[in-house]
Amino acid sequence: MACDFGHDRDGTVIHLLGSINEQDLDVIQHHFDQAAGQGDTAVILDFSRIRQFPPSLPAMVGALRLQARRLGISVELRQFPFDGTKTATRHAGAQ
């Protein structure tokens, strides 16, 4: 399984797990769409348990951020492995 999801006080959390492959990206998109459809104001992508990922994952994250902006929700990236840090990075949706 590519991910699991749940809720915390900040919004819906999508935990990316283990090794992510290209097919898993559809599952992540589905969970994101589900969270957005429930009226959540924030979606958190948690990368703390990811081991491997396809080269297209950063592009997908960018696409999710654009989608979130159009929907007026925010996206938080926890332990995002592409920015060179191990701290949470918050990206605001619509202002």
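Going by the working numbering, the first residue of the sequence shown is number -7, and it counts up by one from there. Beta carbons are placed, not taken as given, at the ideal position from N, Cα and C, and that holds for glycine.
If you draw a straight line from the Cα of residue 55 to the Cα of residue 64, it is about 14 Å long. Of 52, 37 and 45, the smallest CA-CA separation from residue 11 is found for 45.
Annotated three-state conformation of residue 32 is coil, per DSSP.
Between residue 20 and residue 70, the CB-CB gap reaches or exceeds 9 Å. DSSP lists 10 as the bridge partner or partners of residue 42. Linking residue 29 to residue 4 through their CA atoms gives a straight-line distance of about 11 Å. With respect to the C-alpha of residue 33, the residue from 41, 40 and 24 having the closest C-alpha is 24. At the C-beta level, residue 38 and residue -1 stay beyond 9 Å of one another.
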